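Let me begin by presenting the structure, written as structure tokens, before commenting on it.
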């Protein structure tokens, strides 16, 4: 009798462990790995955003560290975690990933490029009209939809570099991630 | 003799046409193109009428908007005389924005949110007109919409308009703060947030009983509620909401993406901090 109870308890423990240990609604395997990766990147983004927007003291080394942490997780480190057929719940990945693999890979690559650019730009002069209208930075033509003036990486403001990075995150989520009922 | 009469007749017609245009312009105040450009960004003109992803020229026609009614193709609204609105007067422009009618009196589909833009003041219209004239004319653009039957029958719009459209200028609420009212103008008129965030009835009109309570913009694409209660439940406050409209990031650092990514990238990111805070104030009901 004792052996049976013990045995059942052991089986239950083994069966429940992935659910108890898994974040994001019981994810496991690559789904969990990539959710964890995204969470780390989100934390880095939050840290950078707080420093850029006056919620924390701006520290060049900290910004660089967070940006490089993001860069280290892009490119193939993302794409390899999305093998075909892993879009079952609780994953929020859309099947579009495997219909447009080139675009998916390109955005994953852009993430590395823009995160590295942010790391390089971290110590540059901050944008003057940082929190003001984008028009002050880009002018009338860009406001009406024309191309913004080209930015030299060496002198790009960290705010501009950050915007390019957030645009990359958003571009991927726009196409390749399911929308939640309550919003993110 | 006949030639001279003909010439005089032609000149007379031209003169009347010019006079009409001049009178129409005189009905409106002087437009400021910089203010108009800012308003155009806020109002989603650039986002809809430019195919940014496809490398399209500004206002030369937008990517298809896929809905349950079929595909809407935002037209070329550059100053091109044949393919754009180059032959329009400011009165035509005002009529399109605030009455939802073409210069020939044909109703527009409310995918063009004139039920929100009807709130624009004469100054808003004049500013937008001035800004639109600064954009280079471009040839081409979508020829028309690609809608499913029976939505493809434009005459059916008279029903929608009778039920849901009331031309009405925006009026500030004197009981509320100037910041709240600025937010109200942005949310309800220019940025027409309710076009996506307010649930729709079966006939495609906004559900007046549930403003900003969320809905479906297309099959499977849920849009979150942005009522004060919903926003607070999700942990938003004035600061984080105003910032999110610029960065596209939630307080936890997540990029919200979805259909909102384009709204931020091509629209709300361009707003001043004061305006983004005004939107947040209004949405949080403060």
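Chains as they are written, first to last, in the numbering used here: chain A, 1 to 184; chain B, 1001 to 1286. Heads up, the beta-carbon is just placed ideally off N, CA and C, and yes, glycines get one too. Since we're looking at a predicted model, the values are computed, not measured.
Please classify residue 97 of chain A: is it buried, with 16 or more other beta-carbons within 10 angstroms of its beta-carbon, or exposed? One-based indexing of the first chain puts residue 97 of chain A at position 97. Buried, because 16 or more other Cβ atoms sit within 10 Å of the Cβ of residue 97 of chain A.
Backbone CA spacing between residue 131 of chain A and residue 1243 of chain B [nearest angstrom]: Locating residue 131 of chain A in the first chain gives position 131, counting from the first residue. Locating residue 1243 of chain B in the second chain gives position 243, counting from the first residue. Model confidence at residue 131 of chain A stands at a pLDDT of 40, short of 50, so the residue's coordinates are unreliable and nothing is read from them.
Cβ-Cβ separation, residue 70 of chain A to residue 115 of chain A (assumed contact under 8 Å), whole Å: One-based indexing of the first chain puts residue 115 of chain A at position 115. One-based indexing of the first chain puts residue 70 of chain A at position 70. That pair is a contact at about 4 Å.
Residues that residue 171 of chain A contacts on chain B, provided the C-beta gap is smaller than 7 Å: What you label residue 171 of chain A is simply residue 171 of the first chain in a count that begins at 1. Those within 7 Å of residue 171 of chain A in chain B are 1261.
Could you name the residues of chain B that residue 42 of chain A contacts, counting a contact when the two beta carbons are closer than 7 Å? Indexing the first chain from 1 puts residue 42 of chain A at position 42. Correct list: 1252, 1253, 1254.
Check whether the segment 1070-1086 of chain B and the segment 1117-1124 of chain B are in contact - that is, three or more C-beta pairs closer than 8 Å. no
By a C-beta neighbour count over all protein chains shown, 10 Å radius and 16 as the cutoff for buried, is residue 1279 of chain B buried or exposed? By one-based count along the second chain, residue 1279 of chain B stands at place 279. It is buried - the Cβ of residue 1279 of chain B has at least 16 other Cβ atoms within 10 Å.
Mind checking if residue 47 of chain A is an interface residue toward chain B, Cβ cutoff 9 Å exclusive? Counting from one through the first chain, the residue named residue 47 of chain A turns up at place 47. It does; some Cβ of chain B falls within 9 Å.
Which residue spans inside the segment 38-84 of chain A form an unbroken alpha helix (DSSP H) run of at least 4? 60-71, 76-79
Cross-strand partners of residue 1206 of chain B (DSSP beta bridge): Residue mapping note: residue 1206 of chain B aligns to position 206 of the second chain, counting from 1. Bridge partners of residue 1206 of chain B: B:1200.
Verify the CB distance criterion: does residue 162 of chain A have a CB-CB separation below 9 Å to chain B? As a position in the first chain, residue 162 of chain A is number 162, starting the count at 1. Yes, because at least one Cβ of chain B sits closer than 9 Å to the Cβ of residue 162 of chain A.
N-terminal and C-terminal residue of the beta strand (DSSP E) that residue 1065 of chain B is part of: By one-based count along the second chain, residue 1065 of chain B stands at place 65. Run containing residue 1065 of chain B: 1065-1067, per the beta strand (DSSP E) assignment.
Is it true that the CB of residue 1060 of chain B sits closer than 9 Å to the CB of residue 1141 of chain B? Taking the second chain and counting its residues from 1, one reaches residue 1141 of chain B at position 141. Taking the second chain and counting its residues from 1, one reaches residue 1060 of chain B at position 60. For residue 1141 of chain B and residue 1060 of chain B, yes; Cβs fall inside 9 Å.
According to DSSP, which residues form a beta bridge with residue 93 of chain A? To locate residue 93 of chain A, count along the first chain from 1; it is residue 93. In the DSSP output, where bridge partners are listed per residue, residue 93 of chain A has A:177.
So which residues of chain A does residue 1002 of chain B contact, with C-beta pairs closer than 7 Å? Numbered from 1 along the second chain, position 2 holds the residue referred to as residue 1002 of chain B. Residues of chain A passing the Cβ test: none, with the nearest at roughly 48 Å.
Neighbour list for residue 167 of chain A in chain B, Cβ cutoff strictly below 7 Å: Along the first chain, one-based indexing puts residue 167 of chain A at 167. Those within 7 Å of residue 167 of chain A in chain B are 1265.
Whose C-alpha, out of A:60, A:105, A:62, is nearest the C-alpha of residue 80 of chain A? By 1-based counting over the first chain, the position of residue 80 of chain A is 80. Closest option to residue 80 of chain A, Cα to Cα, is A:105.
For residue 1107 of chain B, which of helix, strand or coil comes out of DSSP? Within the second chain, numbered from 1, the residue matching residue 1107 of chain B stands at position 107. Residue 1107 of chain B: strand per DSSP, three-state reduction.
Identify the continuous beta strand (DSSP E) that holds residue 1238 of chain B and give its terminal residues. Taking the second chain and counting its residues from 1, the one referred to as residue 1238 of chain B is at position 238. Here residue 1238 of chain B belongs to no beta strand (DSSP E); instead the alpha helix (DSSP H) covers 1238-1247.
Let me know if residue 1171 of chain B comes out buried or exposed under the rule of 16 or more other beta-carbons within 10 Å of its beta-carbon. Locating residue 1171 of chain B in the second chain gives position 171, counting from the first residue. Residue 1171 of chain B is exposed by the Cβ-count criterion.
Here's the rule: buried if 16 or more other CB atoms are within 10 angstroms of the residue's CB, otherwise exposed. What is residue 73 of chain A? Within the first chain, the letter at position 73 stands for residue 73 of chain A. Looking at its Cβ environment, which holds 16 or more other Cβ atoms inside 10 Å, residue 73 of chain A is buried.
Contact check, residue 1130 of chain B vs residue 1031 of chain B under 8 Å by CB: the rounded distance? Your numbering for residue 1130 of chain B matches position 130 in the second chain. Your numbering for residue 1031 of chain B matches position 31 in the second chain. The pair is a contact, with the Cβ atoms about 3 Å apart (cut-off 8 Å).
For the candidate residues B:1235, B:1263, B:1113, whose alpha-carbon lies nearest to that of residue 1284 of chain B? Taking the second chain and counting its residues from 1, one reaches residue 1284 of chain B at position 284. Closest by alpha carbon: B:1235.
Verify whether the separation of the beta carbon atoms of residue 1118 of chain B and residue 1167 of chain B is less than 9 Å. Here residue 1118 of chain B is taken as the residue at index 118 of the second chain, counted from 1. Here residue 1167 of chain B is taken as the residue at index 167 of the second chain, counted from 1. Yes; because the gap between Cβ atoms is below 9 Å, this pair is in contact.
Please classify residue 1250 of chain B: does DSSP put it in a helix, a strand, or coil? Within the second chain, residue 1250 of chain B is the residue found at index 250, counting from 1. In this structure, residue 1250 of chain B counts as coil in the three-state DSSP scheme.
Per DSSP, what kind of secondary structure is residue 1132 of chain B in: helix, strand or coil? Locating residue 1132 of chain B in the second chain gives position 132, where the first residue counts as 1. In the structure shown, residue 1132 of chain B sits in a helix (DSSP, three-state: H, G or I).
How long is the line joining the alpha carbons of residue 56 of chain A and residue 1272 of chain B, rounded to whole angstroms? Here the question's residue 56 of chain A lines up with position 56 in the first chain. Here the question's residue 1272 of chain B lines up with position 272 in the second chain. In a straight line, the C-alpha of residue 56 of chain A is about 22 Å away from that of residue 1272 of chain B.
Check whether chain A comes within 9 Å of residue 1160 of chain B, counting only Cβ atoms and requiring the distance to be less than that. Reading the second chain from its first residue, position 160 is the one you call residue 1160 of chain B. No, residue 1160 of chain B lies away from the interface with chain A (no Cβ there is under 9 Å from its Cβ).
Quick one: what does DSSP say residue 1002 of chain B is sitting in, helix, strand or coil? By one-based count along the second chain, residue 1002 of chain B stands at place 2. DSSP places residue 1002 of chain B in helix when its eight states are reduced to three.
List the whole-angstrom C-beta distance separating residue 121 of chain A from residue 153 of chain A, where the pair is believed to meet the contact cut-off of C-beta under 8 Å. Translated into the one-based positions of the first chain, residue 121 of chain A becomes position 121. Translated into the one-based positions of the first chain, residue 153 of chain A becomes position 153. That pair is a contact at about 7 Å.
Starting from the beta carbon of residue 1089 of chain B, find every residue of chain A whose beta carbon is closer than 7 Å, and list them in chain order. Residue 1089 of chain B sits at position 89 when you count from the first residue of the second chain. What residue 1089 of chain B touches in chain A: nothing, since even the nearest Cβ is about 20 Å away.
Grouping DSSP H, G and I as helix and E and B as strand, with all else coil, what is residue 128 of chain A? Your numbering for residue 128 of chain A matches position 128 in the first chain. In this structure, residue 128 of chain A counts as coil in the three-state DSSP scheme.
Excluding the five sequence neighbours on either side, which residues of its own chain have a C-beta within less than 7 Å of the C-beta of residue 1187 of chain B, listed in chain order? Stepping through the second chain from its first residue, residue 1187 of chain B is reached at position 187. The answer, listed in chain order, is 1193, 1279, 1282, 1283.
Could you give the C-beta distance for residue 93 of chain A and residue 164 of chain A, rounded to a whole number, given that I count them as a contact under 8 Å? Within the first chain, the letter at position 93 stands for residue 93 of chain A. Within the first chain, the letter at position 164 stands for residue 164 of chain A. With 8 Å as the limit, residue 93 of chain A and residue 164 of chain A do not qualify as a contact, their Cβ atoms being about 24 Å apart.
By how many angstroms is the C-alpha of residue 1212 of chain B removed from the C-alpha of residue 1256 of chain B? As a working note, residue 1256 of chain B is residue 256 in the second chain. As a working note, residue 1212 of chain B is residue 212 in the second chain. Approximately 18 Å, taken between the alpha carbons.
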